[in-house]
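Enquirer: Sequential numbering of the sequence shown, starting at 7, is according to the working numbering.
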Amino acid sequence: MNLDVPVLTIDGPSGSGKGTISKRLATKLAWHYLDSGALYRTLGIAAIKNGVDLNDEQRLFALANKVSLEFKKNAKKEWVVLLDDKEVQRQLQTEEVGDAASKIAIFPK
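1) Along the chain, where does the alpha helix (DSSP H) that runs through residue 55 open and close?
2) Span of the alpha helix (DSSP H) holding residue 67?
3) Are residue 115 and residue 66 close, meaning C-beta to C-beta below 9 Å?
4) Measure the C-alpha to C-alpha separation of residue 76 and residue 41 and round it to an integer number of angstroms.
5) Which of helix, strand or coil does DSSP assign to residue 76?
6) Could you have a look at residue 92 and say whether DSSP puts it in helix, strand or coil?
7) Among 20, 60, 55 and 39, which has the Cα closest to the Cα of residue 112?
8) Classify residue 16 as buried or exposed, calling it buried when 16 or more other Cβ atoms lie within 10 Å of its own Cβ.
9) Within 9 Å of any Cβ in chain D, is that where the Cβ of residue 82 sits?
Set out below in structure tokens:
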């Protein structure tokens, strides 16, 4: 079985339209779409919810391995993020979660 899949990364400053163009391109090409920033933000939500210190790399790593994270299209065909089967899309854009994601993203694990 061939597991080769195309990978395209789009980098740029916050608010420059990376997510919008990435989603459109993935849909047009019938590729998978992964919002890597949403990974960090979702772990930030989980850490806040579970009282995990954002400076504790080991506990964050353990939490990342424990939670369920899923990218899924909703009834409107929009991509949403599910954390432990609950949609967290609105929370992803809060300042608190953005700050948490910035702290988490520095860890190499």
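We treat Cβ as the ideally placed atom computed from N, Cα and C, and that holds for glycine.
Expert: Judging by the given coordinates:
1) 42-56
2) 63-72
3) yes
4) 11 Å
5) strand
6) strand
7) 60
8) exposed
9) In the structure shown, chain D cannot be found, because there is only a single protein chain.
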